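Engineer: One structure is given below, represented as structure tokens, and several questions about it will come after.
Residue numbers (this note's numbering): 25 to 176.
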């Protein structure tokens with residue numbers, strides 16, 4: 025199993041971050057490995073068809089998403105190029121905002137295991153990039169919500 029975890033502090037309350045992450049369509053905007061996503065089903069048990077690129081190679085998969093009690097989500101690949109792939113967004117309120125932790129776990133086929141260290145470095149970079157977009161998007165949403173509250 026190849027597991028990569030990254031964290032970032034978002035200067036917004038957990039509710040704003042949760043609202044931003046609850047729109048699964050946004051994944052295509054902040055996840056570098058996803059080009060397009062089509063979500064169907066209820067929020068708690070959504071299914072999503074995903075296409076994208078992994079290490080430059082095209083891929084297609086279907087994920088089952090569950091919203092978690094902490095305000096994040098868990099996505100599990102139910103069909104796709106790997107036997108198992110899982111992603112999680114975990115939200116923790118902290119002084120000054122919300123700590124967002126993102127974890128991805130991959131069960132690599134035997135032929136890809138020699139590339140594990142290269143893949144880890146690449147995944148570290150993609151998760152850092154992804155969390156930067158989430159920070160920007162959630163903080164912008166929080167500012168819009170505050171402005172709407174002032175105008176009301």
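Cβ coordinates follow ideal geometry from the N, Cα and C atoms, glycine included.
Quick caveat, the model's predicted, so the values are computed rather than measured.
1) Considering just the uninterrupted stretch of the alpha helix (DSSP H) at residue 156, what are its terminal residues?
2) According to DSSP, is residue 59 part of a helix, a strand, or is it coil?
3) I'd like to know whether the C-beta atoms of residue 85 and residue 114 end up nearer to each other than 8 Å.
4) Please determine, among 27, 32, 72, 28, the residue with the shortest C-alpha to C-alpha distance to residue 116.
5) In terms of alpha-carbon separation, which member of 140, 122, 143 lies closest to residue 166?
6) Skipping 5 residues on each side, what residues in its chain have a beta carbon closer than 8 Å to that of residue 144?
7) So, helix, strand or coil for residue 72, using DSSP?
8) Which residue marks the beginning of the alpha helix (DSSP H) containing residue 119, and which one marks its end?
9) Around the Cβ of residue 60, are there at least 16 other Cβ atoms within 10 angstroms (buried) or fewer (exposed)?
10) Is it right to say residue 38 is buried, meaning 16 or more other beta carbons lie within 10 angstroms of its own, or is it exposed?
11) State the Cα-Cα distance for the pair residue 140 and residue 89, rounded to the nearest angstrom.
12) What's the C-alpha gap between residue 62 and residue 69?
13) If you draw a straight line from the C-alpha of residue 40 to the C-alpha of residue 151, how long is it?
14) Could you tell me the alpha carbon to alpha carbon distance between residue 105 and residue 99, rounded to whole angstroms?
15) Determine the burial state of residue 135: buried for a count of at least 16 other Cβ atoms within 10 Å of its Cβ, exposed for fewer.
16) In terms of residues, what are the limits of the alpha helix (DSSP H) holding residue 84?
Structural biologist: Taking the definition as stated:
1) 140–175
2) strand
3) no
4) 32
5) 122
6) 26, 28
7) strand
8) Segment: none, residue 119 is in no alpha helix (DSSP H) and carries neither H nor E.
9) exposed
10) buried
11) 26 Å
12) 14 Å
13) 20 Å
14) 15 Å
15) exposed
16) No alpha helix (DSSP H) holds residue 84; the beta strand (DSSP E) holding it covers 81–91.
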